[in-house]
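Enquirer: There's a structure below that I have some questions on.
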Amino acid sequence: MKDKIIEFLYKTIKIPYSYFFKNSEPWGVTVSSLLQNETGSLGHDLGQFLLINNYQVQDSLEEHDVFHVLTKIGTSVKEEVDMQFYLLGNGKKSLFVFIVITTGIIFYPNHYKSFIDCYKRGKNAYQFYDLEFIRLLHQPTNVIQSIFNIK
């Protein structure tokens, strides 16, 4: 039940958050166009991720799904919290990161070890959260992960 409540909260804040805090231009891509990239590229892997999870591209929020692809962190509510801890460790500081982390700390007290581990993994990676991922869609995902020590 708590997962449903948290999912509702995240979906509710996503729209005003993207309107007020995201100034990036939409990439103008679709799942189909992403899948036309070479197999193993970030673009193709992003398309596969979206297809497998039955998601659509979210305008101006595309990098969120790229983070899932690069970190190989899933999409359950608890895993979303893990990913935000990873991104905090990588240096990302945003209202959304802090909202998700605070929610995770409150609602998932039995998962602190996982959160700390993800934070450490993000800290050990070279800063990547602020890259222009649209320019990297043709690059091999494993090369990006290797260069930035994303584990």
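Note that my numbering has the sequence shown beginning at 44, numbered continuously upward. Glycine included, C-beta positions come from ideal geometry on N, C-alpha and C.
#1: Quick check: what's the CA-CA separation for Phe191 versus Tyr169?
#2: Could you give the C-beta distance for Ile144 and Phe128, rounded to a whole number, given that I count them as a contact under 8 angstroms?
#3: Which residues does DSSP list as the beta-bridge partners of Pro32?
#4: Could you spell out the range, first to last residue, of the alpha helix (DSSP H) harbouring Arg164?
#5: Alpha carbon to alpha carbon, how far is Ser157 from Asn80?
#6: Going by C-alpha distance, which of Ile187, Gly147, Ser119, Thr146 is nearest Glu175?
#7: In terms of alpha-carbon separation, which member of Val100, Gly147, Tyr162 lies closest to Pro38?
#8: Can you tell me whether His111 is buried or exposed, with buried defined as 16 or more other CB within 10 angstroms of its CB?
#9: With 16 as the cutoff for other CB atoms within 10 Å, does Gly90 come out buried or exposed?
#10: With C-beta atoms as the reference, is Gly165 less than 8 angstroms away from Leu130?
#11: Using a Cβ-Cβ cut-off of 6 angstroms (strictly less than) and excluding sequence neighbours within five positions of Glu105, which residues of its own chain qualify?
#12: Hey, how far is the Cα of Gly117 from the Cα of Glu123?
#13: Pull up the distance between the alpha-carbon of Arg178 and that of Gly86, whole angstroms please.
Expert: Concretely, from the data shown:
#1: The residue you call residue 191 lines up with position 148 of the sequence shown. The residue you call residue 169 lines up with position 126 of the sequence shown. One C-alpha to the other measures close to 5 angstroms.
#2: Taking the first residue of the sequence shown as position 1, residue 144 is located at position 101. Taking the first residue of the sequence shown as position 1, residue 128 is located at position 85. At roughly 6 angstroms, the Cβ-Cβ gap stays under 8 angstroms, so Ile144 and Phe128 are in contact.
#3: Residue 32 falls outside the range modelled here, since the chain spans only 44 to 194, and no answer is possible.
#4: For the purposes of this step, residue 164 is identified with residue 121 of the sequence shown, where counting begins at 1. Unbroken alpha helix (DSSP H) run through Arg164: 155-167.
#5: Here residue 157 corresponds to residue number 114 of the sequence shown, with the count starting at 1. Here residue 80 corresponds to residue number 37 of the sequence shown, with the count starting at 1. Rounded to whole angstroms, the separation of the alpha carbons of Asn80 and Ser157 is 33 angstroms.
#6: Numbered from its first residue, the sequence shown carries residue 175 at position 132. When each option's Cα is compared against that of Glu175, the closest is Ile187.
#7: Given that the chain is displayed from residue 44 to residue 194, the structure contains no residue 38 and the question cannot be resolved.
#8: Counting from 1 along the sequence shown, the entry for residue 111 is found at position 68. Burial call: buried.
#9: Along the sequence shown, one-based indexing puts residue 90 at 47. Its Cβ being crowded by 16 or more others within 10 Å, Gly90 is buried.
#10: As a working mapping, residue 165 is identified with position 122 in the sequence shown. As a working mapping, residue 130 is identified with position 87 in the sequence shown. Going by C-beta atoms, Gly165 is nearer than 8 angstroms to Leu130.
#11: Taking the sequence shown and counting its residues from 1, one reaches residue 105 at position 62. Counting only Cβ-Cβ distances below 6 angstroms, and skipping sequence neighbours, we find Trp70.
#12: On the sequence shown, position 74 is the one that residue 117 refers to. On the sequence shown, position 80 is the one that residue 123 refers to. C-alpha separation (whole angstroms): 7 angstroms.
#13: As a working mapping, residue 178 is identified with position 135 in the sequence shown. As a working mapping, residue 86 is identified with position 43 in the sequence shown. Roughly 10 angstroms separates the two Cα atoms.
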